[in-house]
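**Q** One structure is given below, represented as structure tokens, and several questions about it will come after.
So, in structure tokens, the structure goes:
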């Protein structure tokens, strides 16, 4: 969405990919905890300045042309979120991650992100920079 006079929030597809990345990296425990998953995505959003997420399942970085292009994409300013189906587009670029990060910080202390004893739910151990 566009915020009046302030630019656009990150694209929904980029946030969906961030959620997939969080799940792939940290959420494969058979005792899945939705609150931990949510906290993990919030934490990744808060750390957007270091965020570098990409997949190579649909293309080979071993191919010189693709590998060189991928390296060029990964050198771009953060956040970098490359679509697994199309590494030519950076879904983290030109968006107001700062505004989303501010909201994510607020939600991280919401009732859904604390346990029964009032302790903060811990996010999964997921790297913000996958290179």
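Residue numbers (the working numbering): 53 to 183. Ideal Cβ positions, reconstructed from N, Cα and C, are used throughout, including at glycine.
Classify residue 90: buried if its beta carbon has 16 or more other beta carbons within 10 angstroms, exposed otherwise.
**A** Around the Cβ of residue 90, a 10 Å sphere holds 16 or more other Cβ atoms; the residue is buried.
**Q** On the CB-based measure, 16 or more other CB atoms within 10 Å of its CB, does residue 103 come out buried or exposed?
**A** buried
**Q** Which value, in whole angstroms, describes the spacing of the CA atoms of residue 167 and residue 124?
**A** 42 Å
**Q** For the beta strand (DSSP E) containing residue 140, name the first residue and the last one.
**A** 138-142
**Q** Leaving aside the five residues before and after residue 94 along the sequence, list all residues of the same chain whose C-beta is less than 7 Å from its C-beta, in chain order.
**A** 156, 159, 160
**Q** Can you give the Cα-Cα distance for residue 178 and residue 70, rounded to whole angstroms?
**A** 11 Å
**Q** Classify residue 147: buried if its beta carbon has 16 or more other beta carbons within 10 angstroms, exposed otherwise.
**A** When all chains shown are included, residue 147 counts as buried.
**Q** Given residue 171, which residues of its chain have a CB within under 7 Å of its CB, disregarding the five upstream and five downstream residues?
**A** none
**Q** Distance, Cα to Cα, residue 85 vs residue 76?
**A** 14 Å
**Q** Please report how far the alpha carbon of residue 133 lies from the alpha carbon of residue 142, in whole angstroms.
**A** 5 Å
**Q** Rounded to a whole number of angstroms, what is the C-alpha to C-alpha distance between residue 98 and residue 176?
**A** 14 Å
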